[in-house]
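>
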Amino acid sequence: MINKFNFKKKENIFRVLFYVVGLCIMGLGIALNAISNFGAGPWDAVNIGVSYHLNLSVGTCMNIVAILNLIIGGILNKEFPKITPLITSLVLGVFVDLGFVVFNGINVSTSSMEFILFLISLPIISLGISIYLVSELPNTPLDYFMLAIKSKFKLSLMTGKIVSETSGLIIALLLGGPVGVGSIIIIFTIGPMMQFLFTYTKKYFNKLSKSNVIFANN
Numbered sequence: 027m028i029n030k031f032n033f034k035k036k037e038n039i040f041r042v043l044f045y046v047v048g049l050c051i052m053g054l055g056i057a058l059n060a061i062s063n064f065g066a067g068p069w070d071a072v073n074i075g076v077s078y079h080l081n082l083s084v085g086t087c088m089n090i091v092a093i094l095n096l097i098i099g100g101i102l103n104k105e106f107p108k109i110t111p112l113i114t115s116l117v118l119g120v121f122v123d124l125g126f127v128v129f130n131g132i133n134v135s136t137s138s139m140e141f142i143l144f145l146i147s148l149p150i151i152s153l154g155i156s157i158y159l160v161s162e163l164p165n166t167p168l169d170y171f172m173l174a175i176k177s178k179f180k181l182s183l184m185t186g187k188i189v190s191e192t193s194g195l196i197i198a199l200l201l202g203g204p205v206g207v208g209s210i211i212i213i214f215t216i217g218p219m220m221q222f223l224f225t226y227t228k229k230y231f232n233k234l235s236k237s238n239v240i241f242a243n244n
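Going by this note's numbering, the residue at position 192 of the sequence shown is 218; the numbering climbs one at a time, nothing skipped.
See below:
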């Protein structure tokens, strides 16, 4: 996909647009989820659990886990693990940091406020994932792993996400990561919401790429 990419084609310009906008929305949602402090996502809990055992920073452990996701995804896809998802992770990290700046003024002082912010973050994250996946540009290492599971076992996008998040939950439990009620909720909500939203974002992308909006066909 990347090697054949042509910025002169209208469809590819929309791919880049969906890619950037999707990652931005996803990053904002992740930041809001973290600020809510209601419960870490399964793979976030894995990163923290690894840091407990290796005595390394969570950021370093995120990179370690990301590489493992790529290796396992490559094995499932029967291909050499792709490196480009690491670039997507770096871009996503920038938007997560931006999210912390945007939501810096939010005062989370009660449990009800934590829960409300947590609930708001879930559809935002799901929407971001569905938008950037439509672009078919490099996935994050975790989504590369998730899509490998989906392809290998011929699952729906929703089921693939649930399986990947559940595997993260099991690993986090084994490592002693901070698994909570929020972690369970994430497993059974992100997947279905992402599947639902992906259907509409895909239709919208196809409609835009075939229309005469902004760009004229060459």
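Glycine is no exception: its CB is placed at the ideal position from the N, C-alpha and C atoms.
Quick caveat: nothing in here was measured; it's all calculated off a predicted structure.
1) Could you tell me the distance, in whole angstroms, from the CA atom of Gly-48 to the CA atom of His-79?
2) Please work out which residues of its chain come closer than 8 Å, Cβ to Cβ, to Val-207, disregarding the five sequence neighbours upstream and downstream, and give them in chain order.
3) Ordered along the chain, which non-local residues of its own chain (more than five positions away) have a Cβ less than 6 Å from that of Gln-221?
4) Tell me the residue span of the alpha helix (DSSP H) that contains Lys-187.
5) What did DSSP end up calling Asn-130 once you bin it into helix, strand or coil?
6) Please go through the same chain and pick out, in chain order, the residues whose beta-carbon is closer than 7 Å to the beta-carbon of Asn-95, but skip the five residues on each side of it.
7) What three-state label does DSSP hand Val-205 in the structure shown?
8) Name the two residues that bound the continuous alpha helix (DSSP H) containing Pro-68.
9) If you reduce the DSSP assignment to three classes, tell me which class Leu-116 lands in.
10) Drop a sphere of 10 angstroms on the beta-carbon of Asn-59, count the other beta-carbons inside from all chains shown, and report buried for 16 or more, exposed for fewer.
11) Nearest CA to the CA of Ser-147: which residue from Asp-70, Ile-61 and Lys-187?
12) So, at 8 Å on beta carbons, what are the nonlocal neighbours of Cys-50 in its own chain, with the 5 sequence-adjacent residues on each side left out?
Based on what the coordinates show:
1) Distance between the alpha carbons of Gly-48 and His-79 is about 33 Å.
2) Phe-64 and Gly-65
3) Leu-183 and Met-184
4) 183-201
5) Under the three-state reduction of DSSP output, Asn-130 falls in the coil class, being neither helix nor strand.
6) So the list reads Pro-167, Leu-168, Tyr-170 and Phe-171, once near-sequence residues are dropped.
7) coil
8) 68-80
9) helix
10) buried
11) Ile-61
12) Phe-121, Leu-124 and Gly-154
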